[in-house]
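Per the numbering used here, residue 1076 is the first one in the sequence shown, and the count goes up by one each step.
Encoded as structure tokens, the structure appears first; notes follow it.
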Amino acid sequence: LKGKIRLNDIKNTNPIAVGDKVIVEKIGYKKQEVTITVVNGETTNLNIELEKN
């Protein structure tokens, strides 16, 4: 899975808080839940390998 993931329609002023979980879904692949933890104001890159159905 390459590219940027944008989180839309989040009703929160801080979209990703410590301990928040994100579900990554792509047609033809099993969905995967990931937890992202970064220092406030920092960014991170993710390399997510999805398993095919």
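Each residue gets a CB set at the ideal place from its N, CA and C atoms; glycine is no exception.
In this text, all values refer to a predicted model and were calculated from it rather than measured experimentally.
- In the DSSP secondary-structure assignment, Ile1098 is bridged to Glu1108.
- Thr1118 and Leu1125 have their C-alpha atoms some 22 angstroms from each other.
- Take the alpha-carbon of Asn1120 and the one of Val1099: they are about 14 angstroms apart.
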